[in-house]
Amino acid sequence: MFCVSLCNAMYNFLSWAFLFVLQIDQSGLILPSRDYYLNDSANGKVLEAYLTYMVDVGMLLGGQENSTHEQMQQVLQLETAIANITSSQEDHRDEEAMYHRMSIAELQDLAPAIDWLSYLNVMFSPLHLNDCEPVVVYASEYLQAVSTLINNTDQSVLNNYMIWNLVKKVVSNLDHRFEDAGQNLLEALYGSKKTCMSRWQDCIEDTDSTLGFALGSMFIKAAFDQHSKNVAEGMIYEIRAAFESSLKNLHWMDEETRAAAKKKAEAIYNMIGFPDFIRDEEMLDKVFAEYEVLDDEFFQNFLNFYNFSTKVMANQLRDTPSRDQWSMTPSTVNAYYSPSKNEIVFPAGILQAPFYEKNYPKSLNFGGIGVVMGHELTHAFDDQGREFDEIGNLRTWWKNSSIEAFKKQAECMVEQYSQYTINEEHLNGKQTLGENIADNGGLKAAYNAYQNWLMKYGEEKKLPAVELTNHQLFFVGFAQVWCSVRTTESAHEGLVVDPHSPARYRVIGTIANSREFSEHFACPYGSPMNPIKKSG
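Here the sequence shown stands for residues -17 to -1, 1 to 519, numbered as in mature numbering (1 follows the signal peptide of the UniProt record, and there is no 0).
This is how it looks when you write it as structure tokens:
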């Protein structure tokens, strides 16, 4: 019903040192989003498949069909009630409004149905917590409502709900009977079954989720070119310079806020490729020393990992956070920005084609990995990132005039993306606002960085047999990394859950706002790709 984790906190005061703090947020739903429970007309097929899955798993574990169906129906009704008090993703974006620092004693008063001190002491044993332990609550209204819901729900239903959550977490690690039971639910949610994936892909995913940094050590030795890391570091420097230079063109931003934004951009910490410890076998062994892996005990190894990872989290509570702590494994094809650390991270996995290739023209590399770098950099100034200052403080550091002007600019982008549709279903421009800002800012920063590179080194040779200029190739490099195909069901799930716009509109929406794209491709003024009103 809720989730407990650790986050870095500065408690809104510049003079305080970094530390870990308990973080409490809403949780409790097994289906991807509250919409699947509340919008029965659109998601009835999913709810029916979910209930069937719940009953089938219960029977596989020894339940009788009639009693299992009755009990699982009650659990589903409880999940629906939880969904009804859960905030939507778009309403859960304002960090300043959601952030509530309090003690465990105050949390107990807020949500009295749960014995918080006993629960947290068990979870963080052998560390002993008291009533004065600080926590950060991101869902105070939800916790109040869920506390009332707990008090008004039969104890047997609560017990079944808790057991079902545990079973659902581990059932994917059981034998093929349990995997087969979930195929219809997966098909209802995503339009395809898990059995469509090769067995080796499952094995790699499971290994990466548990021993990701050990696997990453093997990956960088076998497949990662150190030259790529050096080039990436140089590109980030160029894109950061272009981004900082563009701040002076934001006429809606006041000078004081502009200076603070430049200071924040200069302070962003870069992490490229992989953490250094994975190249040291002794240090790597030390990280996993308390994780017991048994031969031919697949299910038990997962249980051991859950206990191991919980213990690792608990042990961090009194530690000072390290800026070099990674939240993605080296082989991951992705990147991220951390607002509480003001850092951008690019694992080795994304420093390869189609995002980057050392023999590609600079136009394609700037359009590929360059836009990703600009994207993550821009997250420091999107609707959520802008709430954190240069050292990760959650505080108001923009002047009110610039905040209001930013919100007006953001509304234009919300309106633009909300007009797009996939299978006659509209995008949620509020839910995707942060990623849309990052896409638009990233493209602009990477394009300007490429322009600066051309001024410094001169025009590149054109690719033979390709009737495109290098400037056009820049935009092709950006577009091709998002080439993808999704089933109708998966596309719907993306619209409901994903903070990113669908791949098609990550491209179309962004370049429609680019004056440079319109110029290089000679798009007629007022055409779909060169609209009169641009929100970028």
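Here a beta-carbon is modelled for each residue, glycine too, at the ideal position from N, C-alpha and C.
Coil, strand or helix - residue i by DSSP
i           : result
residue 325 : coil
residue 193 : helix
residue 107 : coil
residue 36  : helix
residue 274 : coil
residue -8  : In this predicted model, residue -8 has a pLDDT of only 38, less than 50, meaning its place in the structure is not dependable; the value taken from the coordinates is given anyway. Here residue -8 sits in coil by DSSP.
residue 466 : coil
residue 342 : coil
residue 513 : strand
residue 377 : strand
residue 76  : coil
residue 234 : coil
Through-space distance from residue j to residue i, alpha-carbon basis
i           : j           : result
residue 122 : residue 9   : 6 Å
residue 151 : residue 169 : 14 Å
residue 504 : residue 334 : 28 Å
residue 103 : residue 300 : 12 Å
residue 268 : residue 276 : 13 Å
residue 516 : residue 364 : 23 Å
residue 229 : residue 245 : 10 Å
residue 462 : residue 490 : 6 Å
residue 7   : residue -17 : 11 Å
residue -4  : residue 374 : Any reading at residue -4 must be qualified, since the residue scores a pLDDT of 33, below 50, and its modelled position is unreliable; no value is offered.
residue 304 : residue 57  : 42 Å
residue 243 : residue 319 : 22 Å
residue 434 : residue 352 : 16 Å
residue 204 : residue 329 : 17 Å
residue 200 : residue 209 : 13 Å
residue 138 : residue 94  : 17 Å
residue 25  : residue 19  : 8 Å
residue 278 : residue 189 : 15 Å
residue 464 : residue 310 : 23 Å
Nearest neighbour of residue i, chosen from the options [CA to CA]
i           : options            : result
residue 162 : 180, 145, 148      : 180
residue 38  : 143, 118, -17      : 143
residue 147 : 214, 410, 423, 52  : 52
residue 348 : 356, 193, 339      : 339
residue 81  : 401, 250, 370      : 370
residue 156 : 109, 192, 202, 359 : 192
residue 376 : 78, 271, 440       : 78
residue 469 : 5, 426, 405, 453   : 405
residue 54  : 262, 512, 40       : 40
residue 274 : 402, 25, 294       : 294
residue 416 : 426, 140, 367, 196 : 367
residue 141 : 407, 99, 86, 65    : 65
residue 111 : 87, 154, 400, 124  : 87
residue 236 : 444, 381, 166      : 381
residue 206 : 331, 427, 441      : 331
residue 15  : 69, 324, 48        : 69
For residue i, the first and last residue of its enclosing alpha helix (DSSP H)
i           : result
residue 4   : Counting along the chain, residue 4 falls outside any alpha helix (DSSP H), though it belongs to the beta strand (DSSP E) covering 2 to 9.
residue 209 : 209 to 229
residue 289 : 281 to 299
residue 146 : 138 to 153
residue 302 : Counting along the chain, residue 302 falls outside any alpha helix (DSSP H), and DSSP gives it neither H nor E.
residue 438 : 416 to 440
residue 158 : It is not in any alpha helix (DSSP H) - residue 158 carries neither H nor E in the DSSP assignment.
residue 175 : No alpha helix (DSSP H) holds residue 175; DSSP gives it neither H nor E.
residue 501 : 498 to 503
residue 508 : Run containing residue 508: none; DSSP gives neither H nor E here.
residue 18  : 18 to 21
residue 49  : 48 to 68
residue 332 : Looking at the DSSP string, residue 332 is not in any alpha helix (DSSP H), and its letter there is neither H nor E.
residue 489 : 486 to 494
residue 473 : 471 to 480
residue 356 : 354 to 361
For residue i, the first and last residue of its enclosing beta strand (DSSP E)
i           : result
residue 84  : 83 to 86
residue 255 : 252 to 256
In DSSP terms, what residue i is bridged to
i           : result
residue 409 : 404
residue 521 : Residue 521 is absent from the model: the chain starts at -17 and stops at 519.
residue 120 : 7, 83
residue 43  : According to DSSP, which records beta bridges pairwise, residue 43 is partnered with nothing at all.
residue 446 : DSSP, once it has assigned bridges, lists no residue as partnering residue 446.
residue 29  : According to DSSP, which records beta bridges pairwise, residue 29 is partnered with nothing at all.
residue -15 : 8
residue 371 : 377
Check: residue i C-beta below 8 Å from any heavy atom of the ligand COA
i           : result
residue 402 : Looking at this structure, you won't find the ligand COA or any other ligand, since it has none at all.
Residue i at chain C interface by Cβ criterion, 9 Å
i           : result
residue 124 : Absent from the structure is chain C; it holds one protein chain and no more.
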